Each structure stands twice: as C-alpha cells, then as structure tokens.
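Report on the following structure.
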Amino acid sequence: MPDLIVHTYGPAWNTIDLSPFSVKLQTWLRLARLPFTTRLSIPSRMPQGKLPVLDMDGQRLPDSTAIINALRERHGDPLGDWQRTPEQRALARAVQSMLETDLYFTAVWWRWTPPGNQALLRAEMAHYFQGLGVPKLLAPLAFAQARKGIQKQLQAQGAGRKSPEELTANSEQIMSALRDCLGDQPFLLGDAPATIDATGFAFLHTLLNTPLDIPLKTRVLAMPTLVAYHQRMLALCWPERVA
530 MPDLIVHTYG
540 PAWNTIDLSP
550 FSVKLQTWLR
560 LARLPFTTRL
570 SIPSRMPQGK
580 LPVLDMDGQR
590 LPDSTAIINA
600 LRERHGDPLG
610 DWQRTPEQRA
620 LARAVQSMLE
630 TDLYFTAVWW
640 RWTPPGNQAL
650 LRAEMAHYFQ
660 GLGVPKLLAP
670 LAFAQARKGI
680 QKQLQAQGAG
690 RKSPEELTAN
700 SEQIMSALRD
710 CLGDQPFLLG
720 DAPATIDATG
730 FAFLHTLLNT
740 PLDIPLKTRV
750 LAMPTLVAYH
760 QRMLALCWPE
770 RVA
C-alpha cells in the first residue's frame, strides 16, 4: 500500500479534483511515478486550513509546492528540475507565480461569484459534503460558510474589488503568456515534462472541464497549442481519462 496519502476535495464535474493545487500535486506524483492514495478531507482540520495536504513518514505536510520540495528531497529530482538551466528555472518560477497567484484568484472569483456558477458549484459541492458525512440539511449552511470565507479572501487579495471585465482581460493576458511560453514545444521547458507542467496542466484542466460559464474558457479553447498541451499531459499522466 502506498505510504503517501493526499488529502483532497475529490473530483468535481469532469475534473480530477476541485482544486487546481490538488490536481497539480497528484499530477506531479504521477509524473514522478510515486504511488499514492487520496482521502477526502476538510480543509479547516488541516495545517494552514487548506488542501491539498500530504501524509508522509508520520508527518502532515501542507502546501503543494512545499510538499513537492519535500518529496524531491526524499526521492532525488525525479523530473530533472535541478538540472534545468538558470533561465529555465527562472521561467518556471515566473509561470508558477502567474498561474498560482494572478490566475488563481480570478478563477476563484468566477466560480464563487456569478449566481449561475455559484448554483452549479453549490450542487456539485453537495457531493463533497455528502462524502464527508455532512447531513444533507446542513450542506447549504456549510456551502454558505465556505462562500463567505472565499469572498473575504477575494476582497483582501483584490480580485473581489475588480470588475468582471478587468478580471477577464487580466486572465486572457495570462493565458496568452502561457501559450507564448509553450510555443511549439511539447512541454513548457522543452521535450520533457518538468514540475511547472504539473502546474500548467492543473490550471488548464480545472478551467476546461467544468460546466461553469467563464469567458476565459472560450478564449483558451481558441488556443490550439494550449488545448493540445492539456490533452498531451492528460494522456501522459491520466490515460484512463482520455476518451
């Protein structure tokens, strides 16, 4: 039995996991060929109050990037990140920040704010609450509490104070930049996948595989290189999900 346990939200709609950070970690583990199991968990009961979290060697580690760094210390450098050039490592760090900070909060806004998307998310998260054993009558209250916390985060971060048009323009610039970084390469840093590809794939995957009405999804679907990149990563890491 694998000694790595990833605490997650679980699948949602047609995604591997509701959280791009959980998708990132699970994809990295598959790229690194490290067996793991997943466990549905409650973020408020975890270190830092977020998911994913990894159980390893009797320790409970939060934060997807910190987890990957710990795994690299334990297992060497399975994806060859340390062998990349300084320029490649700098590019990877810039892309990570662009996706995990700038794009993330925009994506969260679109999931939790427009009424139509909010209704779809509420219905989907009912399955998550059910899996945790939350009584059906209490699920709406749990969702409302989660939404209140998310909206507070969005206001503090700044995305909650921007218009939908501003958020869309910013996110389109980010995806255009990601497309340009990829160019005609199979992966973001060249011919072989790196850790940054787990991140790039995760954010594309959680955008493209939900029924939510998000203008950025239409824009990305019109970028053939990004769509092909997503499919390439899906086939490589999650072949059971390829139609």
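Our numbering puts the sequence shown at residues 530 to 772. Built from N, CA and C at the ideal position, the CB exists for glycine as well. No experiment lies behind these values; they were computed from the predicted model shown.
Query: Reduced DSSP category for T754 - H, G, I as helix; E, B as strand; rest coil; Result: helix
Query: Cβ pair T635, L696 closer than 8 Å; Result: yes
Query: DSSP three-state assignment for T566, whether helix, strand or coil; Result: strand
Query: Rounded separation between Q577 and P591 - CA only; Result: 7 Å
Query: Boundaries of the beta strand (DSSP E) in which T537 is found, first to last residue; Result: I534 to T537
Query: Distance CB(W638)-CB(A688) smaller than 8 Å; Result: yes
Query: Nearest candidate by alpha-carbon position, reference A541, set A668, H734 and K746; Result: H734
Query: Span separating the alpha-carbon of F716 from that of G539; Result: 26 Å
Query: Cβ pair F732, P581 closer than 8 Å; Result: no
Query: Length-filtered (3 minimum) beta strand (DSSP E) runs lying within the region 679 to 761; Result: none
Query: Sub-8 Å separation of T594 and A727 beta-carbons; Result: no
Query: Exposure label - P722; buried when at least 16 CB within 10 Å; Result: buried
Query: Opening and closing residue of the alpha helix (DSSP H) in which Q555 lies; Result: P549 to L560
Query: Residue range of the unbroken alpha helix (DSSP H) whose run includes L650; Result: P644 to G660
Query: DSSP three-state assignment for T630, whether helix, strand or coil; Result: helix
Query: Test item: CB-CB of H536 and L563 under 8 Å; Result: no
Query: Spatial neighbours of T754 in its chain, beta-carbon cut-off 7 Å, leaving aside the 5 residues before and after; Result: R708 and L711
Query: Minimum C-alpha distance to W725 - residue among Q702, R568, I679 and M762; Result: First, the amino acid is wrong: residue 725 is Ile here, not Trp. Measuring from the Cα of I725, the nearest candidate turns out to be M762.
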